[in-house]
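Data block below; observations after.
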Amino acid sequence: MESQELSGKEPDGRDVRPGRRRRRILITSVATLAVLVLGGSVAAYAINSGSDTFSFFGKTDVSGTQTPGSGQKGAAGPSAKAKGAPKQSIAPPADVAALNLPRIPWDGGPAYYSKFPKAANAGWTDPNFFPIGVWYESVLSQDDIDKDKAAGLNTYVELTDDSDMGLINSNGMHAMTSKVHKGSGGETIGWLVNDEVDMWGGAGTSTWNGKFPEAGIPCTSGKYDCGYDAMKKLTAALPSGDGRFLYANYGKGVMFWQEDADASRFVNSYTSVTSNDEYWYTDPDLCEGSEGPTIGIRTTAACRRAANYGRTMDKMRRLDALDGKLQAIYAFVEVGHPFTDAKAPTITADQIGGAVMNSLIHEARGILYFNHNFSGSCISQHVLRDQCGKAVRPAVSELDRHITSLAPVLNTESYKWQFNKQLDTMLKAHDGSYYIFAMPGRTGGTGKQRLTLPKGVAGSSAEVMFENRSVPISNGAITDSFAKEYSYHIYKITP
Numbered sequence: 018m019e020s021q022e023l024s025g026k027e028p029d030g031r032d033v034r035p036g037r038r039r040r041r042i043l044i045t046s047v048a049t050l051a052v053l054v055l056g057g058s059v060a061a062y063a064i065n066s067g068s069d070t071f072s073f074f075g076k077t078d079v080s081g082t083q084t085p086g087s088g089q090k091g092a093a094g095p096s097a098k099a100k101g102a103p104k105q106s107i108a109p110p111a112d113v114a115a116l117n118l119p120r121i122p123w124d125g126g127p128a129y130y131s132k133f134p135k136a137a138n139a140g141w142t143d144p145n146f147f148p149i150g151v152w153y154e155s156v157l158s159q160d161d162i163d164k165d166k167a168a169g170l171n172t173y174v175e176l177t178d179d180s181d182m183g184l185i186n187s188n189g190m191h192a193m194t195s196k197v198h199k200g201s202g203g204e205t206i207g208w209l210v211n212d213e214v215d216m217w218g219g220a221g222t223s224t225w226n227g228k229f230p231e232a233g234i235p236c237t238s239g240k241y242d243c244g245y246d247a248m249k250k251l252t253a254a255l256p257s258g259d260g261r262f263l264y265a266n267y268g269k270g271v272m273f274w275q276e277d278a279d280a281s282r283f284v285n286s287y288t289s290v291t292s293n294d295e296y297w298y299t300d301p302d303l304c305e306g307s308e309g310p311t312i313g314i315r316t317t318a319a320c321r322r323a324a325n326y327g328r329t330m331d332k333m334r335r336l337d338a339l340d341g342k343l344q345a346i347y348a349f350v351e352v353g354h355p356f357t358d359a360k361a362p363t364i365t366a367d368q369i370g371g372a373v374m375n376s377l378i379h380e381a382r383g384i385l386y387f388n389h390n391f392s393g394s395c396i397s398q399h400v401l402r403d404q405c406g407k408a409v410r411p412a413v414s415e416l417d418r419h420i421t422s423l424a425p426v427l428n429t430e431s432y433k434w435q436f437n438k439q440l441d442t443m444l445k446a447h448d449g450s451y452y453i454f455a456m457p458g459r460t461g462g463t464g465k466q467r468l469t470l471p472k473g474v475a476g477s478s479a480e481v482m483f484e485n486r487s488v489p490i491s492n493g494a495i496t497d498s499f500a501k502e503y504s505y506h507i508y509k510i511t512p
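For the numbering used here, count along the sequence shown from 1 and bump the result up by 17.
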């Protein structure tokens, strides 16, 4: 793959250099916001380049076996499995009424975190726990914690320097941070390597000069081709062997611009938990040029669709599996107006629900919210806490309560079954009942739809969870209506 030249232009001539559109923030105090236009990068890391080695925590083999390393040959990360390390079988939770159907590839669910003592000790191996996080918050008071817990959050992904880690810990909340904060302890269950290095560093092995995008070209070559070296050095700067997992988020490089070999090197060489943030409902550029159209999305209607959040999950899961091992993959969903372009769309409460549900249907192992408005009618860095989120906070809070109540179900291995070609669906079994998650797919799927049940799933009716209704089962099928592209239903069938 050719490296992106200094000009940072796409083939159609548009500027794609990191930082043109979305902003990430560094909040240093309540009164001071250092807003950096980084296209998603988290800046101001203290890089310790004194070591060329770093700790890498293993993923789960696609067969369900834990392996101590997962770097590809030739990658910047480790390429060889640790010799003599015992393999540990991670079996999915037993189903009371197992079906004679194939299964979706399984990373182990909550058991995946058993190899990370800090996460395990914090309860992440509990089938009743499901990660629901928020990006880059400040926690300064009990009121902050109370508001976040009321919204259904349980995890912070990156925190401001003045955040109170003891307060987070005493309230049973969790954190992934890019450095050791004062007072860090059991609340910190993972380390954030960085954000969107695939975009601001680019695929390539040239030398990272230690700069982040706001300081100039990050690669000594003068091109954007040092992402692997940046990830290596950023990882080396973090504590190793301390029982915490490594996490990184990626962006449009991995999703659209890079060949699989380059993209999978990012995904598979450095982390045990990863994600990708494509904001299909609000990104002003995602439906154009070398982004959406490169994967067949050619109209705005096809682009602004909940099913595309599942498409992001599918891409990440496919890349993740290329090395034969699986890691936990989370989904990012915006909750406001995350772009500086005032004309860009603002996501609605119903769209958030659809985006989250489609991500879960496509096997997201956690949900992360981007909690910042950089334009629109209400600028905010705390959308789920303040007045800027009044239109979405009630729905997000209810959605998160539903997810938490469904954690024991979500934390089981899914079955493969096609209920209806126009719907995106997921089938699970737990505690003597079957659960069907369904919503419109990438095209069609609205209006009245028939869901054909697999052999073995039987009953007279299906409870439609959280809707105070049921639907009859007739001739081995459910018939129900989906009003909008983001509409979803969760059916519970107890034989």
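Even glycine gets a Cβ: it sits at the ideal position worked out from N, Cα and C.
- Per the DSSP secondary-structure output, A479 pairs in a beta bridge with V488.
- Nearest neighbour of A265 by Cα position, chosen from L385, H447, F436, turns out to be L385.
- Under the DSSP definition of a beta bridge, K465 partners with S498.
- Here the C-alpha atom of P425 lies approximately 5 angstroms from the C-alpha atom of P144.
- Apart from sequence neighbours up to five positions away, the residues of its chain that approach T317 with a beta-carbon distance below 8 angstroms are C304, ordered along the chain.
- Between S491 and E480, the CB-CB gap reaches or exceeds 8 angstroms.
- Taking all protein chains shown into account, E351 has 16 or more neighbouring C-beta atoms within 10 Å of its C-beta and is therefore buried.
- About 28 angstroms separates the beta carbon of T463 from that of A446, a gap too long to meet the 8 angstroms contact definition.
- Here P122 carries a coil assignment [DSSP, helix/strand/coil].
- Uninterrupted alpha helix (DSSP H) stretches at least 4 residues long and entirely within the stretch 194-248 occur at 214-217, given in chain order.
- Annotated three-state conformation of P301 is coil, per DSSP.
- For V271, no beta strand (DSSP E) encloses it, and the DSSP letter there is neither H nor E.
- Of all C-beta pairs linking the stretch 263-281 to the stretch 352-370, fewer than three are shorter than 8 angstroms, placing the two stretches out of contact.
- Within the model, the alpha-carbon separation for Y298 versus P411 is close to 19 angstroms.
- With 16 or more neighbouring CB atoms inside 10 Å of its own CB, R261 falls in the buried class.
- Positions of the alpha helix (DSSP H) runs, each at least 4 residues long and wholly inside the stretch 122-183, are given as 134-138, 159-167 in order along the chain.
- For the pair Y173 and V156, the CB atoms are nearer than the 8 angstroms cut-off.
- Counting only the Cα atoms, R335 lies some 11 angstroms from R328.
- Note that the C-beta distance between I185 and G169 is not below 8 angstroms.
- In the structure shown, the three-state DSSP call for K445 is strand.
- In the three-state reduction of the DSSP assignment, V426 falls in the helix class.
- Closest by C-alpha distance to Q398, out of G406, K407, N388, S392, is N388.
- I510 is not a Cβ neighbour of G458, given a cutoff of 8 angstroms.
- With a contact defined as Cβ atoms closer than 8 angstroms, Y287 and L263 qualify at about 6 angstroms.
- Taking the CA atoms as reference points, A494 sits about 14 angstroms from F454.
- Here the alpha carbon of N437 sits roughly 51 angstroms from the alpha carbon of S238.
- For T291, there is no enclosing alpha helix (DSSP H); the residue is found in the beta strand (DSSP E) stretching over 290-293.
- Here DSSP, grouped into helix, strand and coil, assigns P310 to helix.
- Counted as a single uninterrupted DSSP element, the alpha helix (DSSP H) harbouring M333 occupies residues 324-337.
- For the options G393, G383, D337, L401, the alpha carbon positioned closest to that of A366 is the one of L401.
- The beta carbon of T496 is closer than 6 angstroms to those of R467 in its chain, skipping five residues each way along the sequence.
- Less than 8 angstroms divides the Cβ of A220 from the Cβ of D279.
- Looking from the CA of D246, the closest CA among K269, T222, K240, S257 belongs to T222.
- Between I121 and Q435, the alpha-carbon positions lie close to 12 angstroms from each other.
- Three or more beta-carbon pairs drawn from the stretch 370-381 and the stretch 497-504 are found closer than 8 angstroms, and the two stretches are therefore classed as touching.
- Distances from the alpha-carbon of S257 to those of M482, S498, P134 put P134 closest.
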